[in-house]
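Using this note's numbering, read the sequence shown as starting at 344 and increasing by one per residue. Note that beta-carbon positions come from the ideal geometry of N, C-alpha and C, so glycine has one too.
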Amino acid sequence: MEIQEIAERLLWPIWRGMPDGYKRKYARTVWAQFEDQVRSSAYTSSLSRFVENICRRLQVDWANASDAASAAGFLEMPAPEARDVLNTLRSEATAAVLLVRLKNEERKADYQAKQEARRKEEEQANADVLV
């Protein structure tokens, strides 16, 4: 399994489930903490234990049912593939977390663009009312 798929289908939902307060409190170090937790939690024999460990350590509360289902899909993986995923998370945690971080930046940029468009629409509507 490719690291990009692991990042998108397993780590992204975990990131989204982390409390916003935690992310704000540790804003300067949250990505390093996330990477460290990914790597250290991957030192186990099963993906279910990995998910259990990292969710407990990072206080993850699934953002929605889709995220929980995405992560749960990994838990049904055959043992040889699961070992490969865990080995990838151990050896390439930095790259996997970087992919999650890039996805998060894209999400934030999309949100900001939508907010800007909404603000411009409101300004236009207010200007039309004044005319």
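| query | Helix or strand or just coil, what does DSSP make of W405? | reply | Position 62 of the sequence shown, counted from the start, is the residue given in the question as residue 405. DSSP places W405 in coil when its eight states are reduced to three.
| From V440 to R450, what does the alpha carbon distance come to, in whole angstroms? | Residue 440 sits at position 97 when you count from the first residue of the sequence shown. Residue 450 sits at position 107 when you count from the first residue of the sequence shown. If I take the Cα positions, the gap works out to 15 angstroms.
| With burial defined as no fewer than 16 other Cβ atoms inside 10 Å of the residue's Cβ, what is the status of L445: buried or exposed? | Looking up residue 445 in the sequence shown gives position 102. Looking at its Cβ environment, which holds fewer than 16 other Cβ atoms inside 10 Å, L445 is exposed.
| request: May I ask you to verify whether the stretch 360-377 touches the stretch 397-406, counting CB pairs closer than 8 angstroms and requiring at least 3? | output: yes
| message | Is it buried or exposed, V378, if we count other Cβ atoms within 10 angstroms and call 16 or more buried? | response | For the purposes of this step, residue 378 is identified with residue 35 of the sequence shown, where counting begins at 1. Contrary to the premise, residue 378 reads as Glu rather than Val in this sequence. Label assigned to E378: buried.
| request: Would you decide whether R371 is buried or exposed? Buried here means 16 or more other CB atoms lie within 10 Å of its CB. | output: Reading the sequence shown from its first residue, position 28 is the one you call residue 371. R371 should be labelled exposed.
| said: Quick test of the definition: if touching needs 3 or more C-beta pairs under 8 angstroms, does the stretch 378-387 touch the stretch 457-473? | reply: no
| Can you tell which of S384, R433, S383, S388 has its C-alpha closest to the C-alpha of A422? | For the purposes of this step, residue 422 is taken as residue 79 along the sequence shown, with counting starting at 1. The residue with the shortest Cα to Cα distance from A422 is S388.
| query | In its own chain, which residues sit with a C-beta less than 8 angstroms from the C-beta of I397, not counting the 5 before and 5 after it? | reply | On the sequence shown, position 54 is the one that residue 397 refers to. Its chain contains I357, Q380, V381, S384, V403 as the residues whose beta carbon lies nearer than 8 angstroms to that of I397, once the 5 sequence neighbours on both sides are disregarded; these appear in chain order.
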